[in-house]
Amino acid sequence: MASRNVKTIRSARSAAPRYELRLYRHGPGDSEMRVYRLPVAASEDGEPVFVGGLRGAGLERFEPRILRILRHHGVRLGLGAPGQRNVQGLDEETALVLGLLFRTLAPMRNRDNMQACVDGIERMGREEAAYWLGMVMHRHKPRRILQALRIVLNASED
20 MASRNVKTIR
30 SARSAAPRYE
40 LRLYRHGPGD
50 SEMRVYRLPV
60 AASEDGEPVF
70 VGGLRGAGLE
80 RFEPRILRIL
90 RHHGVRLGLG
100 APGQRNVQGL
110 DEETALVLGL
120 LFRTLAPMRN
130 RDNMQACVDG
140 IERMGREEAA
150 YWLGMVMHRH
160 KPRRILQALR
170 IVLNASED
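Put into structure tokens, the structure is as follows:
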């Protein structure tokens, strides 16, 4: 009976979602970060699912804060060489926050609004971040959900 319980625990652990952060260095001053949900043993799909990514000015502006979030959660990124990628495993909470942050910031250009969104997402709890990211990833028109999130986050700054 004890061996059956251990087997159940192992299968439950393998069914938990796993995430990874991929850092690409395309060249000097041109970096990209992407979060992926890795396939689990219980699922049928074998491809990683894209959660969110950020490249360009948005990443350059907020890279120190993103690195601080990662350090806070125990993730250390080394310097990647141009043309190579650096892959790190993430826990679920970090992946939720980064995925939501990347998806929210990607189309934005106004620095003040971007700052308000970063501050608001950092203050979010795990459940709230999971709610918003789930809405963005599984709805037919995610741009509307992201726009609503941006409005809520910018209104809370006033």
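For the sequence shown, my numbering assigns the number 20 to the initial residue and increments by one for each residue that follows.
Built from N, CA and C at the ideal position, the CB exists for glycine as well.
Reducing DSSP to helix, strand and coil, say where L168 ends up. Numbered from its first residue, the sequence shown carries residue 168 at position 149. Correct three-state label for L168: helix.
Let me know the secondary structure DSSP gives H45 once reduced to three states. Working through the sequence shown from its first residue, we reach residue 45 at position 26. If DSSP states are grouped into helix, strand and coil, H45 belongs with the strands.
Where G144 sits in the DSSP three-state scheme: Here residue 144 corresponds to residue number 125 of the sequence shown, with the count starting at 1. Coil.
Option in A35, L89, M154 with minimal Cα separation from R42: Numbered from its first residue, the sequence shown carries residue 42 at position 23. Note that residue 42 corresponds to Leu in the displayed sequence, not to Arg. Minimum Cα distance to L42 is reached at L89.
For L40, which residues from the same chain have a beta carbon less than 6 angstroms from its beta carbon, with the 5 sequence-adjacent residues on both sides left out? As a working mapping, residue 40 is identified with position 21 in the sequence shown. The answer, listed in chain order, is V54, Q107, L109.
Environment of R163 [buried if 16+ CB atoms lie within 10 Å]: On the sequence shown, residue 163 is found 144 positions in, with the first residue counted as 1. Exposed, because fewer than 16 other Cβ atoms sit within 10 Å of the Cβ of R163.
Using the beta-carbon count (16 or more within 10 Å), is A76 buried or exposed? Mapped onto the sequence shown, residue 76 falls at position 57. By the 10 Å Cβ count, A76 comes out exposed.
Quick one, are the C-beta atoms of G118 and G71 less than 8 angstroms apart? In the sequence shown, the residue the question calls residue 118 occupies position 99. In the sequence shown, the residue the question calls residue 71 occupies position 52. Yes, the pair counts as a contact, with Cβ atoms nearer than the cut-off.
Please check the pair L86 and E51, which I expect to be a contact at CB under 8 angstroms, by giving their CB distance rounded to whole angstroms. By 1-based counting over the sequence shown, the position of residue 86 is 67. By 1-based counting over the sequence shown, the position of residue 51 is 32. Actually they do not touch by this definition, with Cβ atoms about 14 angstroms apart.
At 3 residues or longer, and completely inside the stretch 52–127: list those beta strand (DSSP E) runs for me, N to C. 68–74, 104–109
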